[in-house]
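Let me begin by presenting the structure, written as structure tokens, before commenting on it.
Okay, here's the thing in structure tokens:
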């Protein structure tokens, strides 16, 4: 492209962007995302204990219906299992879209979510507090659908933990394969196979293993 042609194109683009800014359609033409914070805008998978700690450390939290299940209605999993925290929680309560519960009540909700095999996800931004703690199913949750249907595992970040299996303790019951929504546990040729590269650290396999053959360990590498 000639220099003059390029300049003319830049002028046209500038005029277009200026128009959008004046109309309030965009705040600016683009925004730089620092590399060290890029992953922080993703959904994070959390084991139940981390969910409890986040709620304990929140100034305020409130229980609400799962927006995904309420909208898509693809399953019979419980609806009121998601939390908002701090300012967002207070706002949702004022709007009648959520209700404050005790820490004991929150723990009961998380136990119920575990019974139904729901994965805990949260959106975290280093510029803000954690504001949403969700218990998600693969049939309604758009973030899990990004991974499983659209092949975009990069949109969901791993938990701080990973499942570790004791093969000698395992009796090949296969319950873990039913609990895992990420495909880390599968049955192949009649044997339970575990792929730790597919593990997102949700902990659902641990809580229902009848042989105590699985435990969660803190990840030692990114």
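Residue numbers (this note's numbering): -16 to 205.
The beta carbon of each residue, even a glycine, is placed where N, CA and C say it ideally should be.
These numbers were taken from a predicted model, which means no experiment stands behind them.
Query raised in the report: Comparing the CB of residue 50 with every heavy atom of the ligand ADP, is any distance shorter than 6 Å?
Result: Absence of the ligand ADP is noted for the structure shown, with no ligands found whatsoever.
Query raised in the report: On the three-state DSSP scale, how would you describe residue 189?
Result: helix
**Report entry** alpha helix (DSSP H) runs contained entirely in the segment 128 to 164, provided each spans 4 or more residues
**Finding:** 158 to 162
Query raised in the report: Hey, how far is the Cα of residue 194 from the Cα of residue 173?
Result: 18 Å
Report task. Can you tell me which of the three DSSP states residue 47 falls into? Result -> strand
**Report entry** residue 124 to residue 131 span [Cα, whole Å]
**Finding:** 11 Å
Query raised in the report: Where do the ends of the alpha helix (DSSP H) carrying residue 71 lie?
Result: 69 to 77
Query - Collapsed DSSP secondary structure at residue 82 in the structure displayed - result: strand
Query raised in the report: From the DSSP output, which residues share a beta bridge with residue 103?
Result: 29 and 118
Requested in this report: Work out the CA separation of residue 177 and residue 53 for me, nearest whole Å.
Outcome: 33 Å
Requested in this report: Under 8 Å by Cβ, that's how I've got residue 49 and residue 117 pegged, so tell me the actual separation to the nearest angstrom.
Outcome: 7 Å
**Report entry** Spatial distance of residue 208 from residue 171 (CA atoms)
**Finding:** Residue 208 cannot be examined here, being either before or after the span of the chain that is shown, -16 to 205.
Requested in this report: Look up residue 201 in the DSSP assignment and give the residues it is bridged to.
Outcome: 144
Query raised in the report: Got a sec, what are the start and stop residues for the beta strand (DSSP E) residue 175 sits in?
Result: 174 to 177
Query raised in the report: Skipping 5 residues on each side, what residues in its chain have a beta carbon closer than 6 Å to that of residue 182?
Result: 145, 146 and 167
Report task. Taking residue 141 as the reference, give the member of 159, 104, 149 and 129 with the closest Cα. Result -> 104
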